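Novice:
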Amino acid sequence: MDGRRGSAAWATAWCGYWQGESMTPDIIPFQFGDDDSPLFGCHHRPPAESTSRSSAVIICAPIGQEYLRSHRALRLLAARLAQAGFHVLRFDYFGCGDSAGDDQHGRLDEWVRNVRSAVDVIRRRTRVENVCLVGLRLGAALALLAAAEQPDVKSLVLWDPVWRGGEFVRELTTAQHEKLQELTNRELVDGRQQGFLGFDLSKTLLAEVEQLDLSGPDCLPACPVLMLSSARRKQSDSRDSTDQSGCAEMTLCRIDEDANWLTGPMRTVMPHSAIRTAVSWITKSCP
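Residue numbering for the sequence shown is 1 to 287, as defined by this note's numbering.
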């Protein structure tokens, strides 16, 4: 594990004490999953006076530097959804953040199981009937894969999703190359790159990600989907708006905000329009 994991100070920051925003009693940190490989999560509970809903929301974060840059935005999204009456769960995948394991333990199939475990635990904790998955970048791909075999997932929000893993790995490699040149004026050494902006990915995980391809029409679920696409991301990141075969209902929304999740590492991205759009859609789509 890295140095921040397991510390009370980091757990408090993860849940809500960041940049002057105080933690509230309605955010509950806890562990779930297997005893020998527990996952860390934060349960955002709605105010007692809010509208009672039969759906909960699970947020599937990205990985690596994108996780850091999006952290505050996803915490704000969770808070807004809780204010709208939803139980919301944010959590770390195995080998990430405050969950058990380290960077070299990450596997795509394990992370998909983590999402399914998160669905099970939020339903047990709240007794809701249905779940909406919100995924950002690689988290959107994990949400899509998990929803395929999780009948209680009734809606999806896919935010700047990674459709093709090979493109994602190339983007990571380019960002690492540019940062290395900026800091040291050196080129990447020959060989397979495994370190990306301070985060190591195992060879096994890289191979799994590179083989990922969710661009086909049969990859979309038969449930309502909101697809959020940042206007300043390259067009190849997006699906054809007509490619909706098998999807019960798809809402496509282009957001004119800067959401380059890798440029400028350690700088927080706060896309308010995307957050408002997601909250509005989930509130209308989920009972």
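Here a beta-carbon is modelled for each residue, glycine too, at the ideal position from N, C-alpha and C.
Being a predicted model, the structure only gives us computed values, none of them experimental.
(1) Could you say if the region 41–61 and the region 126–134 meet the contact criterion of at least three C-beta pairs nearer than 8 Å?
(2) On a Cα-Cα basis, can you pick out the residue from I122, E149 and G165 that is closest to F30?
(3) Given a cut-off of 7 Å, decide if V119 and V134 are closer than it, judged by their beta-carbon atoms.
(4) Residues bridged to E249 by DSSP?
(5) Is it a yes or a no for the region 197–211 touching the region 97–116, going by three-plus beta-carbon pairs under 8 Å?
(6) Taking buried to mean at least 16 other C-beta atoms within 10 Å of its own C-beta, is P92 buried or exposed?
(7) With DSSP collapsed to three states, give me the class of P217.
(8) May I ask you to verify whether the region 161–178 touches the region 94–102, counting CB pairs closer than 8 Å and requiring at least 3?
(9) Out of F32, G85, T251 and H272, point me to the one whose CA is closest to V157's CA.
(10) In three-state DSSP terms, what is W163?
(11) Over what stretch of residues does the beta strand (DSSP E) that includes V128 continue unbroken?
(12) Does G41 pass the burial test, meaning 16 or more other C-beta atoms within 10 Å, or should it be called exposed?
(13) With a threshold of 16 other CB atoms inside 10 Å of the CB of R276, please say whether the residue is buried or exposed.
(14) Beta carbon of V112, beta carbon of L145: below 7 Å?
(15) For the alpha helix (DSSP H) holding V209, just list the boundary residues, first then last.
(16) Identify the continuous alpha helix (DSSP H) that holds A148 and give its terminal residues.
(17) Give the straight-line distance between the Cα atoms of D160 and L226, rounded to the nearest whole angstrom.
(18) Helix, strand or coil for G33, going by three-state DSSP, please let me know.
(19) Could you tell me the distance, in whole angstroms, from the CA atom of S273 to the CA atom of E257?
(20) So, helix, strand or coil for I63, using DSSP?
Specialist: For this structure:
(1) yes
(2) Along the sequence shown, one-based indexing puts residue 30 at 30. With distances taken between Cα atoms, F30 lies closest to I122.
(3) Indexing the sequence shown from 1 puts residue 134 at position 134. Indexing the sequence shown from 1 puts residue 119 at position 119. No. Outside cutoff.
(4) Taking the sequence shown and counting its residues from 1, the one referred to as residue 249 is at position 249. Answer is P224, bridged to E249.
(5) yes
(6) Working through the sequence shown from its first residue, we reach residue 92 at position 92. The sequence given here has Asp at residue 92, not Pro. When all chains shown are included, D92 counts as buried.
(7) Here residue 217 corresponds to residue number 217 of the sequence shown, with the count starting at 1. Three-state DSSP puts P217 in a helix.
(8) With fewer than three CB-CB distances shorter than 8 Å, the region 161–178 does not count as touching the region 94–102.
(9) Here the question's residue 157 lines up with position 157 in the sequence shown. Comparing Cα positions, the closest option is T251.
(10) If you number the sequence shown from 1, residue 163 lands on position 163. Correct three-state label for W163: coil.
(11) For the purposes of this step, residue 128 is identified with residue 128 of the sequence shown, where counting begins at 1. Segment: none, V128 is in no beta strand (DSSP E) and carries neither H nor E.
(12) Sequence index remark: in the sequence shown, residue 41 carries index 41 (1-based). Classification of G41: buried, given that the 10 Å Cβ count is 16 or more.
(13) Translated into positions along the sequence shown, residue 276 becomes position 276. Exposed, by the Cβ-count rule.
(14) Counted from its first residue, the sequence shown places residue 112 at position 112. Counted from its first residue, the sequence shown places residue 145 at position 145. It is a contact, given that the beta carbons lie within the stated cut-off.
(15) For the purposes of this step, residue 209 is taken as the residue at position 209 of the sequence shown. That run of the alpha helix (DSSP H) goes K203 to E210.
(16) Stepping through the sequence shown from its first residue, residue 148 is reached at position 148. Counting along the chain, A148 falls outside any alpha helix (DSSP H), and DSSP gives it neither H nor E.
(17) As a working mapping, residue 160 is identified with position 160 in the sequence shown. As a working mapping, residue 226 is identified with position 226 in the sequence shown. Computed Cα separation, rounded: 11 Å.
(18) Along the sequence shown, one-based indexing puts residue 33 at 33. Coil at G33, not helix or strand.
(19) Within the sequence shown, residue 273 is the residue found at index 273, counting from 1. Within the sequence shown, residue 257 is the residue found at index 257, counting from 1. Cα-Cα distance, rounded: 7 Å.
(20) If you number the sequence shown from 1, residue 63 lands on position 63. For I63, the secondary structure class from DSSP, reduced to helix, strand or coil, is coil.
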